[in-house]
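If you want this note's numbering, it's the position in the sequence shown, counting the first as 1, plus 13.
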Amino acid sequence: MRNAFAAAVSAVSALCRWGTLAAIGVLILVVTIQVLGRVPGFPSPPWTEEVARFALVHLVAFSCGLALLRGELVNVDMFILLLPKPLQTAVARLVDVAILVFAVAIIPGAWDYVVGSIGERARSINVPMIWVYVVTLIIPVSLAFFSIARLAGLGRDSAPPSHGETV
14 MRNAFAAAVS AVSALCRWGT LAAIGVLILV VTIQVLGRVP GFPSPPWTEE VARFALVHLV
74 AFSCGLALLR GELVNVDMFI LLLPKPLQTA VARLVDVAIL VFAVAIIPGA WDYVVGSIGE
134 RARSINVPMI WVYVVTLIIP VSLAFFSIAR LAGLGRDSAP PSHGETV
């Protein structure tokens with residue numbers, strides 16, 4: 014059972030990595046078009062700003078679960094690193110449980126939000142807005158999934174910061 018779950022975590026991690034790469038690729042392309050649009054004679058399409066925002070939101074959606082799995086979400090290291098190692102581990106697990114509870118609690122609302130967007134279209138690029146609003150569902154689902162993976166011991170904690178972040 015653990016091997017099957019580990020394989021699922023690996024597959025979802027790969028999917029999130031590819032989604033992150035695709036989002037950052039689109040973001041780089043669109044921002045390049047925006048920068049070149051400032052050069053006289055180069056066309057500046059109006060849809061680039063909206064696509065850049067959408068790509069940035071998707072970048073966050075695909076990468077937040079991976080950050081959780083790797084133990085690299087924003088943390089209050091200054092206080093946690095002062096604790097003994099067993100207590101640090103207990104606090105990390107408590108944080109994983111809190112993230113899981115919060116993510117599971119907002120999944121129904123995120124689902125309703127996505128379903129409510131059916132039929133809406135983006136103004137400048139004329140695509141269904143469901144492709145944008147699905148981010149509100151990807152984030153809590155990935156956070157819940159990867160927090161379960163961490164609680165199962167499949168994640169890893171990042172090394173304590175060593176570049177002056179702690180006192």
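The beta-carbon is built from N, C-alpha and C at its ideal position, and this holds for glycine as well. As the structure is a computational prediction, the values presented were derived from the model and not from experiment.
Which partner residues of residue i appear in the DSSP bridge assignment?
i, result
"Arg169", "Bridge partners of Arg169: none, in fact."
"Pro141", "Arg134"
Assuming residue i and residue j form a contact by the criterion Cβ under 8 Å, report the distance between their Cβ atoms to the nearest whole angstrom.
i, j, result
"Ser3", "Leu82", "Since the first and last residues shown for the chain are 14 and 180, residue 3 lies out of range."
"Ile37", "Leu72", "6 Å"
"Val147", "Val128", "Contact doesn't hold; Cβ gap of about 10 Å is too wide."
"Gly78", "Ser130", "In fact, because the Cβ distance is near 22 Å, the residues do not count as touching under 8 Å."
What do you reckon, are the CB atoms on residue i and residue j nearer than 8 Å?
i, j, result
"Ser160", "Ala103", "no"
"Asp109", "Leu167", "no"
"Pro153", "Ile120", "yes"
"Leu113", "Ala74", "no"
"Ala80", "Val39", "no"
"Trp124", "Leu150", "yes"
Say yes only if the C-beta of residue i is nearer than 7 Å to one or more non-hydrogen atoms of the ligand NAP, and no if none qualify.
i, result
"Ala65", "Among the components modelled here there is no ligand, and therefore nothing to report on the ligand NAP."
Practice task
Check whether the region 92-103 touches the region 43-53, counting contact only when three or more Cβ pairs, one atom from each stretch, lie closer than 8 Å.
Solution key: These segments do not touch.
Exercise for the section: Starting from the N-terminal side, write out each stretch of the beta strand (DSSP E) that is 3 residues or longer and does not extend beyond the region 20-95. Expected result: Unbroken beta strand (DSSP E) stretches of 3 residues or longer found wholly inside the region 20-95: none.
Exercise for the section: Mind the definition here: the region 131-139 touches the region 55-66 only if three or more C-beta pairs lie below 8 Å; say whether that holds. Expected result: Yes, the region 131-139 is in contact with the region 55-66.
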